[in-house]
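Student: Shown below is the structure under consideration.
Chains as they are written, first to last, in the working numbering: chain A, 92 to 309; chain B, 92 to 309.
In structure tokens form, the structure reads like this:
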């Protein structure tokens, strides 16, 4: 089964871009390139929403498609690119989750969910995203295009890697836990007690003393 | 001048708590306690909004105040605690930013902005927050009480520390750069060229080729 990855460079307050789609705040250091080159080698397919495609189209050459990749744009209204002869670009009007579910079952390299959070939201809700990777930038943009939108359920993650890059960026990679995945770790006596306490309303107790509240703060 | 710190434990999609204020998703590992004990020693004052106070009041003993600390609650409507005899608790009806500006100039240990993002927003906008510290939990809650709200300007940060904790948490601390702070680092020939390119519209160029777009993704 092909892996579906979502991510990008985000601000600490979780925006992918300013409201006008500008990414002038991105930090371009030489330690990012090899990480991304490695990632780029692992994928052959990019899926994006119509809005992300329009940004790519406006900002870049290549008719908004990533060369060397199979590009799918989900849109109910747009049937083809305004630019002519765009290679490896296909417009999909069917349900994005259904389409990606089929793509995952096909032969091929991994799949990357590009750009805005709305497509990611629908794929998260259908439990189709396997990994997320973010390069957290040292900035609060204050407003912009959000990386995450509200979702209908919680997604549990497992930290795979955390790496500090030049310029104060923090690169994190998480595996998305499938729904219902149980904790692999066996409960020790101590954690079993904690777990029991949690069920017995530890949460309410936890803010009674400053000692406990420290943990909430941390 | 006393330092003002904002932060807490957040989900990767930047919520402090679920919509019903629940923090049952917090991971309680023994490596958090010493970090928070150290932080707790550095402060003697807590400021919070009325909403955060009401949550603290509902969930904990002590009339919602942190024992051993001077507690200030900002509210135009609430003049006193519904609980009687709450020590070290004061309700402030004046503008939060003005009040915190005065607090910073007083003698004392550092000041902690507790809980929800709305008070933090007004203090960020008045450039009164000096440091942020977050314990990023490996979860996307999907909805909840946001740590950050939209702000009227961008806040630049400097990464001070990034540490992986047990359970897949990532603890990050940033210094808030004062507005207009110039980059300390001298421009090298290469970065000067980059900087020049940036001014000449590198942003638009940056997505033209897949090589460059990798960086956007990263």
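Each residue gets a CB set at the ideal place from its N, CA and C atoms; glycine is no exception.
Return the CA-CA distance between residue 116 of chain A and residue 246 of chain B, expressed in angstroms with no decimal places.
Tutor: Straight-line Cα distance between these residues: approximately 11 Å.
Student: Would you mind working out which of B:183, B:267 and B:243 sits nearest residue 138 of chain B, comparing C-alpha positions?
Tutor: Ranking B:183, B:267 and B:243 by Cα distance to residue 138 of chain B puts B:183 first.
Student: So the candidates are B:141, B:262 and B:218; which of them puts its Cα closest to the Cα of residue 207 of chain B?
Tutor: Considering only alpha carbons, the answer is B:141.
Student: Quick check: residue 160 of chain A and residue 201 of chain A, are their CB atoms within less than 9 Å of each other?
Tutor: No, the pair does not count as a contact, with Cβ atoms beyond the cut-off.
Student: What does residue 213 of chain A touch in chain B if you count any residue whose Cβ is under 7 Å from its own?
Tutor: Residues of chain B passing the Cβ test: none, with the nearest at roughly 13 Å.
Student: From the DSSP output, in three-state form, read off residue 191 of chain B for me.
Tutor: In this structure, residue 191 of chain B counts as helix in the three-state DSSP scheme.
Student: What are the complete beta strand (DSSP E) segments, minimum 3 residues, inside the stretch 99 to 187 of chain A?
Tutor: As far as the stretch 99 to 187 of chain A is concerned, its whole beta strand (DSSP E) runs of at least 3 residues are 106 to 108, 134 to 140, 161 to 165 and 180 to 183.
Student: Starting from residue 215 of chain A, trace the alpha helix (DSSP H) in both directions and tell me its first and last residue.
Tutor: It spans 208 to 216 - the alpha helix (DSSP H) in which residue 215 of chain A sits, taken as one unbroken run.
Student: The beta strand (DSSP E) that contains residue 266 of chain A, what's its start and end?
Tutor: Run containing residue 266 of chain A: 261 to 267, per the beta strand (DSSP E) assignment.
Student: Is the number of C-beta pairs between the stretch 236 to 246 of chain A and the stretch 250 to 266 of chain B that are closer than 8 Å three or more?
Tutor: Not touching, per the Cβ criterion.
Student: Which bits of chain B does residue 229 of chain A rub up against, with CB to CB less than 8 Å?
Tutor: In chain order: 247, 248, 249, 250 and 265.
Student: Among residues of its own chain, excluding the 5 on either side of residue 203 of chain A, which ones have a beta-carbon nearer than 6 Å to its beta-carbon?
Tutor: 96, 134 and 137.
Student: Residue 165 of chain B versus chain A: which residues are under 8 Å apart at the beta carbon?
Tutor: By Cβ distance, chain A contributes nothing, its closest Cβ being about 18 Å from residue 165 of chain B, past 8 Å.
Student: Apply the 10 Å Cβ neighbour rule to residue 198 of chain A and answer buried if 16 or more other Cβ atoms are within range, or exposed otherwise.
Tutor: With fewer than 16 Cβ atoms within 10 Å of its Cβ, residue 198 of chain A is classed as exposed.
Student: Determine whether the Cβ of residue 111 of chain B lies closer than 9 Å to any Cβ atom of chain A.
Tutor: Not closer than 9 Å to any Cβ of chain A, the Cβ of residue 111 of chain B fails to qualify, so no.
Student: In terms of residues, what are the limits of the beta strand (DSSP E) holding residue 272 of chain B?
Tutor: Per DSSP, residue 272 of chain B belongs to no beta strand (DSSP E) and is neither H nor E.
Student: Could you check which residue in A:163, A:224, A:146 and A:269 has the C-alpha nearest to that of residue 193 of chain A?
Tutor: Taking only the C-alpha atoms, the option nearest residue 193 of chain A is A:163.
Student: On a CA-only basis, which of A:174, A:181 and A:269 is nearest residue 217 of chain A? Give me that one, please.
Tutor: Nearest C-alpha to residue 217 of chain A: A:269.
Student: Would you say residue 255 of chain A faces chain B, with C-beta separation under 9 Å as the test?
Tutor: For residue 255 of chain A, the answer is yes, since a Cβ of chain B falls inside 9 Å of its Cβ.
Student: Give every residue of the same chain whose Cβ lies closer than 7 Å to the Cβ of residue 144 of chain B, excluding the five residues on either side of it in the sequence, and list them in chain order.
Tutor: If we look at residue 144 of chain B and ignore the five residues flanking it on each side, its Cβ neighbours are 155 and 164.
Student: I want to see whether chain B comes within less than 9 Å of residue 94 of chain A, judged by CB atoms only; does it?
Tutor: Not one chain B Cβ lies under 9 Å of residue 94 of chain A.
Student: Identify whether residue 200 of chain B lies in helix, strand or coil by the three-state DSSP scheme.
Tutor: Residue state, collapsed to three classes: coil.
Student: By DSSP's criteria, residue 223 of chain B is part of a beta bridge. Which residues make up the other side?
Tutor: DSSP, once it has assigned bridges, lists B:97 and B:265 as partnering residue 223 of chain B.
Student: Does any C-beta atom of chain A lie closer than 9 Å to the C-beta of residue 222 of chain B?
Tutor: It does not: the Cβ of residue 222 of chain B has no partner Cβ on chain A nearer than 9 Å.
Student: Could you tell me if residue 112 of chain B is buried or exposed, where buried requires 16 or more neighbouring beta carbons within 10 angstroms of its beta carbon?
Tutor: Buried, because 16 or more other Cβ atoms sit within 10 Å of the Cβ of residue 112 of chain B.
Student: Can you check whether the C-beta of residue 201 of chain A is within less than 9 Å of a C-beta belonging to chain B?
Tutor: Not closer than 9 Å to any Cβ of chain B, the Cβ of residue 201 of chain A fails to qualify, so no.
Student: Which residues in chain A sit within 9 Å of residue 242 of chain B, going by Cβ to Cβ distance?
Tutor: Within chain A, the residues near residue 242 of chain B are 104, 231, 232, 233 and 234.
Student: Give a yes or no on whether 9 Å exceeds the smallest Cβ distance from residue 191 of chain B to chain A.
Tutor: Chain A, which has no Cβ nearer than 9 Å to the Cβ of residue 191 of chain B, makes this no.
Student: Verify the CB distance criterion: does residue 207 of chain A have a CB-CB separation below 9 Å to chain B?
Tutor: Residue 207 of chain A does not count as touching chain B.
Student: Give the C-beta separation of residue 188 of chain A and residue 213 of chain A to the nearest angstrom, bearing in mind that I take them to be a contact with Cβ-Cβ under 8 Å.
Tutor: Confirmed, about 6 Å.
Student: Expressed to the nearest angstrom, what Euclidean distance is found between the alpha-carbon atoms of residue 121 of chain A and residue 169 of chain B?
Tutor: Near 53 Å, if we compare the C-alpha coordinates of residue 169 of chain B and residue 121 of chain A.
Student: Please tell me whether residue 225 of chain A has its Cβ less than 9 Å away from any Cβ of chain B.
Tutor: Taking Cβ atoms only, chain B reaches closer than 9 Å to residue 225 of chain A, which makes this a yes.
Student: Answer yes or no: do residue 174 of chain B and residue 148 of chain B have a C-beta to C-beta separation smaller than 9 Å?
Tutor: Taking 9 Å as the Cβ cut-off, residue 174 of chain B and residue 148 of chain B qualify as a contacting pair.
Student: Can you tell me the Cα-Cα spacing of residue 249 of chain B and residue 102 of chain B, whole angstroms?
Tutor: The straight-line gap from Cα to Cα measures roughly 21 Å.
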